[in-house]
Structure formats: C-alpha cells, structure tokens
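Trainee:
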Amino acid sequence: MIAVMNGDGRMITLCGFGVSNYYNKLKLILLEKDIPFVESVTYPWEREGFLQSSPLGRIPYIETEYGALSESQVILEYLEDSHPDRPLLPEAPFARAKCRELIQHLELNVEWVARRLYREAFFGGVVSDETKSDVREKLAAGLGALSRLSSFSPHAYEMAFTAADCAAYFHLDYVRQATVKIYGADMLEERLPSAAGYLAHVAQRPHVRATIAARAKALAVFRSLGVEYAG
Ligand SMILES: N[C@@H](CCC(=O)N[C@@H](CS)C(=O)NCC(=O)O)C(=O)O
6 MIAVMNGDGR MITLCGFGVS NYYNKLKLIL LEKDIPFVES VTYPWEREGF
56 LQSSPLGRIP YIETEYGALS ESQVILEYLE DSHPDRPLLP EAPFARAKCR
106 ELIQHLELNV EWVARRLYRE AFFGGVVSDE TKSDVREKLA AGLGALSRLS
156 SFSPHAYEMA FTAADCAAYF HLDYVRQATV KIYGADMLEE RLPSAAGYLA
206 HVAQRPHVRA TIAARAKALA VFRSLGVEYA G
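This note's numbering numbers the first residue of the sequence shown as 6 and each following residue consecutively.
#1: Within its chain, find whatever has a CB closer than 6 angstroms to the CB of Asp86; leave out the 5 residues flanking it on each side and keep chain order.
#2: What does the alpha-carbon distance come out to for the pair Glu44 and Cys20?
#3: Per DSSP, which residues does Val46 bridge with? Please list them.
#4: Rounded to whole angstroms, what is the Cα-Cα separation between Pro211 and Ile40?
#5: What does the Cβ neighbour count give for Lys32, buried or exposed, with the cut at 16 atoms within 10 Å?
#6: Across which residues does DSSP place Glu68 in a beta bridge pair?
#7: Which residues bound the alpha helix (DSSP H) around Met164?
#8: Work out the CA separation of Glu96 and Lys143 for me, nearest whole Å.
#9: In angstroms with no decimal places, state the Cα-to-Cα distance between Gly147 and Gly54.
#10: Can you list, in chain order, the residues of its chain whose CB lies under 6 angstroms from that of Tyr203, leaving out five sequence neighbours each side?
#11: Using the C-alpha atoms, what's the distance from Ala119 back to Thr136?
#12: Assign Ala150 to one of three DSSP states: helix, strand, or coil.
#13: Anything with a beta carbon under 5 angstroms from a heavy atom of ligand 1 counts; list them all in chain order.
#14: For Leu113, is the classification buried or exposed, using 16 other Cβ atoms within 10 angstroms of its Cβ as the cut-off for buried?
#15: Hey, would you say Thr18 sits closer than 7 angstroms to Glu51, going by beta carbons?
#16: So, using beta-carbon positions, are Phe227 and Val46 closer together than 7 angstroms?
#17: Closest to Lys186 by C-alpha separation, out of Lys38, Tyr71, Glu116 and Tyr123, would be which residue?
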C-alpha cells in the first residue's frame, strides 16, 4: 500500500487490484497528476463487501472525503476537475472532447470487445469459437475506428502525454496479448501499425514503468490465490 497524505488532510483511496487495466489507468492518472492516494487491494469476487461503493461490484472505484465513486472514466474526469494543477486533458473544449472521444472508442469498441477473450487468454478458461470469430470482426472495426482517430505517434492524442495515454497503454497492451494468445497474431500490428512503437515509447515513462512492475507483483499474488476469475 502506498500511504501518502496531502497537506490539507484529503486523501483518495484507490480500490481494486493491480492486474486490472482499468485500475492501472487510474493509478497512472493519480501518479502523473501527483495526487496523494492510498491503494486498497479489493477483489471483484469480494463484491458483496463493496456494492455500496461500486454498485455493480466492479473495480476500480475510489473512496473520497465526499463518498465513493465508480467507473474509471467518471473518476478520471473527477480527478481532472478536482486537481487541475497538472492537467491531463487539453484545456480547449473541443480538444478536450476529442481526447475523451478517443478514450471512449478505445474502451467501448476495442477493450470491451477484446475483454470477451480474457477468460481464455489470461485466466485458464475457454472461449467458444463463435465468440472468437465475433470478437475478431468487432475488434477489427474498433481498431479501424481508433486508427482513424489517432496516429499514436508519438502519443494517443496529438503531441502531448494525456489521459488518453493512461488509458491506452494498459488497454492496448492487454488487447495485444489477448489477440496473440487467441488468434496467434497481433491484431494491433495488423490494424494499428504504429501501436508497437507507441507502446514501447510510453512504457519508458517512469510512472508507467513503476505501474507495470506493480502489475507483475499483483499478478503473482493473484495467481497464488488460486481463485476462479474471468476478468
Ligand atoms: N467500465 C468500467 C470497467 C471496469 C471493469 O471492467 N473492471 C473489471 C476488472 S478490470 C471488473 O471489475 N470485473 C469484474 C466484473 O465485471 O464483475 C470502468 O471503466 O471502471
């Protein structure tokens, strides 16, 4: 647990576990914005204990001095509004919307589609051939949409590091791994050729490197628990 407290006593608790790409999206936002926070390891299969904080029992969620907040994009925008000092969204309304548009396409039409493969790709389960073929088709469309929105060179949204990169790194990395495992081919390479260079570039950031290292440790802990979980 990272325990850091602000000078004025406010503190955010990030709840979830470090294997989750949505958790790591927010962790990276907090680190990059230099917002004090503590981490509370919270597993989705323990949802009965936190449904009041995250109504579907999903992680990540945060606890704040005002109450709990769920859904990573809502949390991201709350952090941006409440801690404007180190902005991770562009200031101009249209650019701000374009950056969020990219995140929404990435999550709805790419990550959420690829997620249906995770059970087999990462958690030792089985996914039907029908699902694999459906995902392949929808993922091709989602990645096509992303390629029309961004060149991912050098960043997800234009030239500067933004919140879109915090989401893109951890989502695209899992999408790539899942497609390699399930289809024997990297769909990012096929549909988003700049992704490999982009991921390598973003991975050099100190906070990204630290979050990747924490993810490896969280994965080892998760495996040692021997629980059945499908993502
Ligand atoms: N739209 C949600 C997605 C979060 C999500 O899918 N979390 C996964 C872990 S990566 C989870 O809690 N899965 C358990 C479940 O859906 O029951 C967000 O952005 O926070």
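Just so it is clear, CB atoms sit at the ideal spot from N, CA and C, and this is done for glycine as well.
This one's a predicted model, so the numbers in the text were calculated from it and none came from an experiment.
Mentor: In brief:
#1: For the purposes of this step, residue 86 is taken as the residue at position 81 of the sequence shown. Here the set comprises nothing.
#2: What you label residue 44 is simply residue 39 of the sequence shown in a count that begins at 1. What you label residue 20 is simply residue 15 of the sequence shown in a count that begins at 1. Their Cα atoms are separated by approximately 6 angstroms.
#3: Taking the sequence shown and counting its residues from 1, the one referred to as residue 46 is at position 41. According to DSSP, Val46 bridges with Gly21.
#4: Numbered from 1 along the sequence shown, position 206 holds the residue referred to as residue 211. Numbered from 1 along the sequence shown, position 35 holds the residue referred to as residue 40. Using only the alpha carbons, I get a separation of about 16 angstroms.
#5: The sequence position of residue 32 within the sequence shown is 27, counting from 1. Buried is the call here.
#6: Within the sequence shown, residue 68 is the residue found at index 63, counting from 1. Bridge partners of Glu68: Thr18 and Ala73.
#7: Here residue 164 corresponds to residue number 159 of the sequence shown, with the count starting at 1. No alpha helix (DSSP H) contains Met164, which DSSP labels as neither H nor E.
#8: Along the sequence shown, one-based indexing puts residue 143 at 138. Along the sequence shown, one-based indexing puts residue 96 at 91. Their Cα atoms are separated by approximately 33 angstroms.
#9: The residue labelled residue 147 in the question sits at position 142 within the sequence shown. The residue labelled residue 54 in the question sits at position 49 within the sequence shown. The straight-line gap from Cα to Cα measures roughly 35 angstroms.
#10: If you number the sequence shown from 1, residue 203 lands on position 198. Excluding sequence neighbours, Tyr203 sits near Phe157.
#11: Looking up residue 136 in the sequence shown gives position 131. Looking up residue 119 in the sequence shown gives position 114. Between Thr136 and Ala119, the C-alpha separation is close to 10 angstroms.
#12: Your numbering for residue 150 matches position 145 in the sequence shown. Three-state result, Ala150: helix.
#13: Ser25, Tyr27, Pro49, Arg63, Ile64, Glu76 and Ser77
#14: Along the sequence shown, read from residue 1 onward, the residue named residue 113 stands at position 108. With fewer than 16 other Cβ atoms within 10 Å, it is exposed.
#15: Locating residue 18 in the sequence shown gives position 13, where the first residue counts as 1. Locating residue 51 in the sequence shown gives position 46, where the first residue counts as 1. No; because the gap between Cβ atoms is not below 7 angstroms, this pair is not in contact.
#16: As a working note, residue 227 is residue 222 in the sequence shown. As a working note, residue 46 is residue 41 in the sequence shown. No, these two residues do not count as a Cβ contact at 7 angstroms.
#17: Residue 186 sits at position 181 when you count from the first residue of the sequence shown. Nearest of Lys38, Tyr71, Glu116 and Tyr123 to Lys186, Cα basis: Tyr123.
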